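A.B. asks: If you read the protein sequences in the order shown, they are chains A and B. Numbered by our numbering, the letters in the first sequence go through residues 6 to 338 in order. Numbered by our numbering, the letters in the second sequence go through residues 6 to 338 in order. Backbone N, C-alpha and C fix where the C-beta goes; we use that ideal spot for every residue, glycine too. Here the structure is a predicted model, which is why all the values come from computation and not from measurement.
Number of protein chains: 2
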Amino acid sequence: MLGSETKTHEILKGLQQSLLRNINLKFILFGNKKIITKQLSKFKKLNSAVDIVNCIDFISMNDKPSEILKSKTSSMYQAINSVNDKISDAVLSFGNTGALMSLALLNIKTLPEIKRPSIASIWPNMNGESIVLDLGANTKLNSRYLIDNAILGSSLASILLKIERPSIGILNVGSEDYKGNEEIKIASDKLKTYGKSGIIDFFGYVEGNDISLGKTNVVVTDGFTGNIALKTAEGTAKLFQDHLNQAYRSSIFSKLGYFLSSIPLKSVKERLDPRVHNCGILTGLNALVVKCHGQSEYRGVSYASDIIYSLLYNSVNEKIKKYVIEMQDKINI
Amino acid sequence: MLGSETKTHEILKGLQQSLLRNINLKFILFGNKKIITKQLSKFKKLNSAVDIVNCIDFISMNDKPSEILKSKTSSMYQAINSVNDKISDAVLSFGNTGALMSLALLNIKTLPEIKRPSIASIWPNMNGESIVLDLGANTKLNSRYLIDNAILGSSLASILLKIERPSIGILNVGSEDYKGNEEIKIASDKLKTYGKSGIIDFFGYVEGNDISLGKTNVVVTDGFTGNIALKTAEGTAKLFQDHLNQAYRSSIFSKLGYFLSSIPLKSVKERLDPRVHNCGILTGLNALVVKCHGQSEYRGVSYASDIIYSLLYNSVNEKIKKYVIEMQDKINI
Chain A
6 MLGSETKTHE ILKGLQQSLL RNINLKFILF GNKKIITKQL SKFKKLNSAV
56 DIVNCIDFIS MNDKPSEILK SKTSSMYQAI NSVNDKISDA VLSFGNTGAL
106 MSLALLNIKT LPEIKRPSIA SIWPNMNGES IVLDLGANTK LNSRYLIDNA
156 ILGSSLASIL LKIERPSIGI LNVGSEDYKG NEEIKIASDK LKTYGKSGII
206 DFFGYVEGND ISLGKTNVVV TDGFTGNIAL KTAEGTAKLF QDHLNQAYRS
256 SIFSKLGYFL SSIPLKSVKE RLDPRVHNCG ILTGLNALVV KCHGQSEYRG
306 VSYASDIIYS LLYNSVNEKI KKYVIEMQDK INI
Chain B
6 MLGSETKTHE ILKGLQQSLL RNINLKFILF GNKKIITKQL SKFKKLNSAV
56 DIVNCIDFIS MNDKPSEILK SKTSSMYQAI NSVNDKISDA VLSFGNTGAL
106 MSLALLNIKT LPEIKRPSIA SIWPNMNGES IVLDLGANTK LNSRYLIDNA
156 ILGSSLASIL LKIERPSIGI LNVGSEDYKG NEEIKIASDK LKTYGKSGII
206 DFFGYVEGND ISLGKTNVVV TDGFTGNIAL KTAEGTAKLF QDHLNQAYRS
256 SIFSKLGYFL SSIPLKSVKE RLDPRVHNCG ILTGLNALVV KCHGQSEYRG
306 VSYASDIIYS LLYNSVNEKI KKYVIEMQDK INI
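Okay, structure coming up:
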């Protein structure tokens with residue numbers, strides 16, 4: 006918890022909320038014991054479900070990926086190691102994404118045949134939800150990573166969204182075959198052959214607006230593009246919300262109007278609120294690692310904790326592993 | 006107008022709407038004369054302001070960039086040529102973006118020292134509006150194009166948004182110096198030196214959500230990332246709108262609520278409606294070329310025509326040229 010931009014108070018409030026819904030949860034907090042203990046006194050129900058591991062060192066948001074390996078005393082390293090040592094079942098982090106990716110890659114390691122982990126998220130759309138990845142783990146565009154993302158995304162959509170053969174699209178600037186750069190074309194050609202052999206359901210290229218339209222169950226992209234897309238969507242949602250709030254405050258009639266429509270409007274807000282949906286699953290690893298936005302509020306924290314509970318309860322990472330191995334067996338035949 | 010996905014009826018309706026607001030406009034339509042003439046009979050006010058150039062050949066959305074140069078008889082080529090021949094002052098296209106870019110580059114040619122044209126758009130944000138570019142002209146990431154985009158964006162923000170020294174940000178996956186790929190870093194280093202010499206106001210890196218927050222007046226990116234960001238924002242806005250409409254229809258109270266708040270809500274819809282804001286200015290050329298979304302409705306067409314009128318009336322392209330040359334003089338000192 007050290008080095009993150011999320012306030013300790015928000016984290017504890019979010020965890021307590023989640024604990025009330027998922028009573029079997031236990032938390033190990035890696036951070037400054039003195040600060041956490043002091044704040045924890047305000048969260049009585051959480052107290053008995055928490056262990057604290059005092060950490061004096063931390064990885065800041067500004068540390069370069071090359072620097073992060075320097076210290077095995079950092080809170081992030083220790084949290085990841087507790088999964089390796091089977092003390093924890095999953096890691097939840099609000100810190101430096103690049104550092105989390107590198108440390109997880111080196112210590113928890115990827116599933117067989119998967120080169121790198123990828124950040125996946127559940128994205129709301131007109132038809133329900135889709136899986137979008139990578140949202141920022143690997144910013145380098147590489148056809149192999151795109152192919153891995155297609156396999157990982159397919160497994161997540163199959164398990165989390167309960168879709169037997171999820172349709173997969175690659176994010177591009179147009180749907181025509183000649184569009185996009187070389188890496189995208191190579192990945193698309195490979196996925197087409199997997200599609201023809203019936204291993205996956207490959208749709209082809211999708212565009213930015215197709216994510217929200219829900220054209221495919223899985224949207225595959227590189228970490229640079231995915232990160233920009235996710236944050237642009239967040240910004241647009243905030244802008245819309247901000248304009249709406251202003252509109253409702255503009256007259257006595259619109260205030261009354263808001264009052265009358267407030268229940269369904271609140272539900273829209275909840276469904277699309279980026280503060281709630283801002284957690285990413287670091288998928289493709291041997292254990293469950295979840296990354297939340299640095300500036301998460303308690304609602305984002307409690308949502309992330311709920312997700313982790315549900316993923317663990319349903320043995321999702323084991324299912325992903327099984328799915329990926331089966332798929333790779335088919336590919337290698 | 007041939008080869009575009011926008012229906013002739015929508016184009017004519019949009020142009021007539023714009024003509025009523027800008028009575029000095031004259032239109033030359035390049036397309037199938039028979040079809041246009043037939044449809045035109047429904048738009049009496051537009052009739053006298055229109056010339057039709059019959060074209061039998063066209064560039065389709067599926068034509069590869071390499072194929073588009075094959076025919077000088079295409080409607081797009083002829084429209085661009087009419088600007089070269091000083092018959093028209095500007096080109097408005099709803100067709101293939103890559104083709105428009107290549108034909109404009111070859112025929113209208115770029116401003117001195119600008120390598121390639123770039124698609125710029127006015128993006129609404131919390132503080133007003135900003136200029137975002139490139140939204141899809143050059144999908145190749147190249148530091149030189151990014152630097153050109155910074156200069157072009159600065160000129161547009163200065164002229165269209167009336168900001169003396171517009172702040173410029175490069176779109177990246179984080180604000181830290183080490184983030185992003187090599188091309189972005191090279192461009193950023195160069196722009197920093199221009200910033201230090203007082204030629205531009207360079208802010209540094211911005212993230213996807215900063216576009217809607219309005220952190221900088223200009224947001225610079227490559228055409229691949231910009232296109233994904235724009236379309237993702239469009240999709241998110243549509244999703245929001247769709248959920249809101251559902252919410253309002255959910256009960257008699259919310260219907261009444263909508264009725265009471267309908268005036269300010271409509272204004273929000275207008276301000277953020279992607280169908281209205283979907284036109285891009287192909288900037289960096291010796292003449293004005295505007296690209297509209299292929300699936301534009303009449304509102305998008307009339308908005309684009311209004312924009313063109315305003316840009317021509319205010320000699321914006323001449324001002325951009327002057328601004329760019331002055332800036333390059335300062336750079337070369």
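What did DSSP end up calling ASP182 of chain B once you bin it into helix, strand or coil?
C.D. replies: coil
A.B. asks: Span of the alpha helix (DSSP H) holding LEU157 of chain A?
C.D. replies: 148-165
A.B. asks: Quick check: is the beta carbon of ASN147 of chain B nearer than 9 angstroms to any beta carbon in chain A?
C.D. replies: Chain A, which has no Cβ nearer than 9 angstroms to the Cβ of ASN147 of chain B, makes this no.
A.B. asks: Can you tell me where the alpha helix (DSSP H) holding GLY103 of chain A begins and where it ends?
C.D. replies: Per DSSP, GLY103 of chain A belongs to the alpha helix (DSSP H) from 102-112.
A.B. asks: My understanding is that THR288 of chain A touches SER135 of chain A, with C-beta atoms under 8 angstroms, so please give their C-beta distance in whole angstroms.
C.D. replies: Wrong, their Cβ atoms sit about 14 angstroms apart, outside the cutoff.
A.B. asks: Using a Cβ-Cβ cut-off of 9 angstroms, state whether PRO117 of chain A counts as contacting chain B.
C.D. replies: no
A.B. asks: Are GLY19 of chain B and ARG304 of chain B closer than 9 angstroms when you measure CB to CB?
C.D. replies: yes
A.B. asks: Can you give, in chain order, each stretch of the beta strand (DSSP E) that sits fully within the stretch 181-223 of chain A and has at least 3 residues?
C.D. replies: 206-211
A.B. asks: Using a beta-carbon distance cut-off of less than 8 angstroms, what residues from the stretch 116-141 of chain B approach chain A?
C.D. replies: PRO129, ASN130, MET131, GLY141
A.B. asks: How far does the beta strand (DSSP E) with GLY305 of chain B in it reach, from first residue to last?
C.D. replies: Run containing GLY305 of chain B: none in the beta strand (DSSP E); it sits in the alpha helix (DSSP H), 303-318.
A.B. asks: Please list the partners that THR241 of chain B has in chain A, where partner means a Cβ-to-Cβ separation under 7 angstroms.
C.D. replies: SER217, ALA238, THR241, ALA242
A.B. asks: Output yes or no for whether 9 angstroms exceeds the beta carbon distance between LEU293 of chain A and ASP94 of chain A.
C.D. replies: yes
A.B. asks: Compute the Euclidean distance between the alpha carbons of SER23 of chain A and ASN132 of chain A, then round it to the nearest angstrom.
C.D. replies: Note on geometry: alpha-carbon atoms of SER23 of chain A and ASN132 of chain A lie some 27 angstroms from one another.
A.B. asks: Ordered along the chain, which non-local residues of its own chain (more than five positions away) have a Cβ less than 6 angstroms from that of ALA142 of chain A?
C.D. replies: MET106, PRO122, SER123, ILE124, GLY228
A.B. asks: Please classify LYS296 of chain B: is it buried, with 16 or more other beta-carbons within 10 angstroms of its beta-carbon, or exposed?
C.D. replies: Buried: at least 16 other Cβ atoms inside 10 Å.
A.B. asks: What three-state label does DSSP hand LYS120 of chain A in the structure shown?
C.D. replies: Coil.
A.B. asks: Here's the rule: buried if 16 or more other CB atoms are within 10 angstroms of the residue's CB, otherwise exposed. What is TYR183 of chain A?
C.D. replies: Per the 10 Å Cβ criterion, exposed.
A.B. asks: Is THR230 of chain B near ILE233 of chain A, with beta carbons less than 9 angstroms apart?
C.D. replies: yes
A.B. asks: Any idea which residues DSSP pairs LEU97 of chain B with across the strands?
C.D. replies: For LEU97 of chain B, which the question treats as bridged, DSSP gives the partners B:VAL295.
A.B. asks: Whose CA, out of B:TYR82, B:TYR210, B:LYS50, B:MET66, lies closest to the CA of LEU108 of chain B?
C.D. replies: B:TYR82
A.B. asks: Rounded to a whole number of angstroms, what is the C-alpha to C-alpha distance between ILE175 of chain A and LYS190 of chain A?
C.D. replies: 10 angstroms
A.B. asks: Can a CB atom of chain A be found closer than 9 angstroms to the CB of GLU302 of chain B?
C.D. replies: no
A.B. asks: Answer yes or no: does any C-beta atom of chain B fall closer than 9 angstroms to that of TYR82 of chain A?
C.D. replies: no
A.B. asks: Any Cβ of chain A within less than 9 angstroms of the Cβ of GLU188 of chain B?
C.D. replies: Among the CB atoms of chain A, none fall inside 9 angstroms of the CB of GLU188 of chain B.
A.B. asks: Can a CB atom of chain B be found closer than 9 angstroms to the CB of ILE16 of chain A?
C.D. replies: No, because no Cβ of chain B sits closer than 9 angstroms to the Cβ of ILE16 of chain A.
A.B. asks: For LEU290 of chain A, list the residues DSSP reports as bridge partners.
C.D. replies: A:THR115
A.B. asks: Buried or exposed, going by whether 16 or more other CB atoms sit within 10 Å of the CB of PRO171 of chain B?
C.D. replies: buried
A.B. asks: Can you give me the Cβ contacts of HIS14 of chain A inside the same chain, cut-off strictly under 7 angstroms, excluding the 5 residues immediately before and after it?
C.D. replies: GLN44
A.B. asks: Out of A:LYS49, A:CYS284, A:ASP153, state which residue places its alpha-carbon closest to the alpha-carbon of TYR328 of chain A.
C.D. replies: A:ASP153
A.B. asks: Between SER310 of chain B and LEU140 of chain B, how many whole angstroms is the CB-CB distance? I'm expecting something under 8 angstroms.
C.D. replies: Wrong, their Cβ atoms sit about 19 angstroms apart, outside the cutoff.
A.B. asks: What would DSSP say about PHE48 of chain A, mapped onto helix, strand or coil?
C.D. replies: coil
A.B. asks: Where does ILE73 of chain B land, buried or exposed, given buried means 16+ other C-beta within 10 angstroms?
C.D. replies: ILE73 of chain B should be labelled buried.
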